[in-house]
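Here the sequence shown stands for residues 1 to 266, where the numbers follow my numbering.
Backbone N, C-alpha and C define an ideal beta-carbon position, used for all residues, glycine too.
From a predicted model like this one, the values you see are computed outputs, not experimental measurements.
Down below is the structure, laid out as structure tokens.
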Amino acid sequence: MDIDILELSKDSAKFVLSGTNAAFANGIRRAMIADVPTLAIEYLILNDNTSVLYDEQLGLRLALVPLSTDSDSEYVPQSECTCGGEGCQYCEVTLRLDVEGPKTVYSGDFISADPKVRPADEKVPIVDLKEGQRIMLEAVAHVGYGRDHVRWQAGIACGYKNNPIITGEACKACGNQNFETNGIVYLVDGEARVSDEDLLTCKECGFQKRVSDLDDPSALKITFDETSFVFTMESDGSYSASELILKSADVIKGRAEEFLGILQDL
């Protein structure tokens with residue numbers, strides 16, 4: 001199995017995963033979305049809320065503020081904690097918010113009980129407070145999984161496609177006009193070709209295939225490499241893109257080891 005990085009930034013990545021099958025590729029996609037544990041605000045202890053948002057609206061908005069922590073954080077889901085779900089320093093953290101208007105409240109206004117836990121983006125707007133309005137609360141954050149609630153979904157816009165294989169012959173019916181659209185597909189020695197740079201980003205080949213299909217026989221043929229996948233993904237900020245990819249691979253590895261252990265015990 002090989003991984004070739006095409007683009008990599010703090011919160012997004014594009015890479016080619018080859019030498020595997022669709023089941024493993026989809027497992028990585030699902031793990032990034034649903035199975036990597038993430039911190040998120042689960043409930044509020046409200047002391048005062050005279051903003052224009054109802055308590056429930058405020059709770060929903062705060063739940064969707066991504067929280068980040070150090071890579072060596074030892075927070076665990078409550079269901080897996082030794083406290084039995086009662087709440088302790090290993091499974092929950094509180095963040096305090098106390099602001100008065102006039103002011104626009106941002107995620108950066110939180111004061112965390114653990115300095116290592118902060119909103120991933122401190123400029124997420126929460127609500128506009130007018131003169132005399134106030135919000136005073138404690139937000140309790142727990143570790144959870146995206147499969148249980150979207151608040152714990154670390155991976156967004158995660159998807160993949162098979163690496164396309166484009167071949168073809170000179171089209172006598174159209175005088176090769178079909179291959180000149182946007183300069184994506186071109187002819188070399190009477191055969192259709194796509195540059196390596198365009199092949200992984202091309203969104204026009206499907207359109208050109210439909211145009212080519214008007215000819216009889218079709219001059220353009222598009223197939224797919226069943227063992228190579230082009231991935232695109234984004235993180236909500238709770239993890240960097242590279243951390244999220246590695247943690248999703250760890251999830252797959254852990255499940256495989258668990259399954260192997262079950263089989264060995266049979």
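The beta carbon of VAL76 sits closer than 8 Å to the beta carbons of PRO37, TYR90, CYS91 and VAL143 from its chain, once the five residues preceding and following it are set aside; these are given in chain order.
Excluding its 5 nearest sequence neighbours in each direction, ALA157 has C-beta neighbours in its own chain below 6 Å: GLU234, listed in chain order.
When DSSP reads this structure, HIS142 sits in a beta bridge with ALA40 and GLU92. By the Cβ test, the region 158 to 165 is not in contact with the region 119 to 132, since fewer than three Cβ pairs between them sit closer than 8 Å. Measuring C-alpha to C-alpha distances from ARG134 to each of LYS103, LEU60, GLY108 and SER107 identifies LYS103 as the nearest. Each residue's CA atom was taken as its position, placing TYR54 and LEU60 some 10 Å apart. Contact annotation: the region 112 to 123 touches the region 64 to 75, with at least three C-beta pairs closer than 8 Å.
Contact between ARG151 and ALA34 does not hold, since their C-beta atoms are separated by about 12 Å, which reaches or exceeds 8 Å.
DSSP, read as helix, strand or coil, puts SER9 in coil. A Cβ-Cβ distance of about 6 Å is found for the pair ASN49 and LEU58, placing them in contact under the 8 Å criterion. Taking a cut-off of 8 Å on C-beta distances, the region 11 to 25 touches the region 224 to 232, as three or more cross pairs fall below it. Under the three-state reduction of DSSP, GLY85 is assigned to coil, being neither helix nor strand. Counting only runs of at least 4 residues, the region 12 to 36 fully encloses the following alpha helix (DSSP H) elements, listed from N- to C-terminal order: 22 to 30. Here the alpha carbons of ASP4 and LEU260 stand approximately 29 Å from one another. Within the DSSP bridge table, the entry for ASN47 names no partner. GLY254 and PHE24 have their C-alpha atoms spaced approximately 14 Å apart. For the pair LEU244 and ALA141, the CB atoms are not nearer than the 7 Å cut-off. Under the three-state reduction of DSSP, GLY159 is assigned to strand. Per DSSP, reduced to three states, the secondary structure at LYS116 is coil, with no helix or strand assignment.
Straight across, the Cα-Cα distance linking SER51 with GLY132 is about 9 Å. With respect to ASP2, ALA241 sits apart: the two C-beta atoms are not nearer than 7 Å.
In the structure shown, the three-state DSSP call for PHE229 is strand.
Exposure of GLY85 is indicated by the presence of fewer than 16 other C-beta atoms within 10 angstroms of its C-beta. SER68 carries a strand assignment under DSSP once its states are collapsed to helix, strand and coil. Your pair VAL230 and ASN163 checks out as a contact, with CB atoms roughly 6 Å apart and the cut at 8 Å. Restricting attention to VAL93, LEU6, LEU246 and GLY237, the CA atom closest to the CA of TYR43 is found in VAL93. Excluding its 5 nearest sequence neighbours in each direction, SER112 has C-beta neighbours in its own chain below 7 Å: VAL93, LEU95 and ARG118, listed in chain order.
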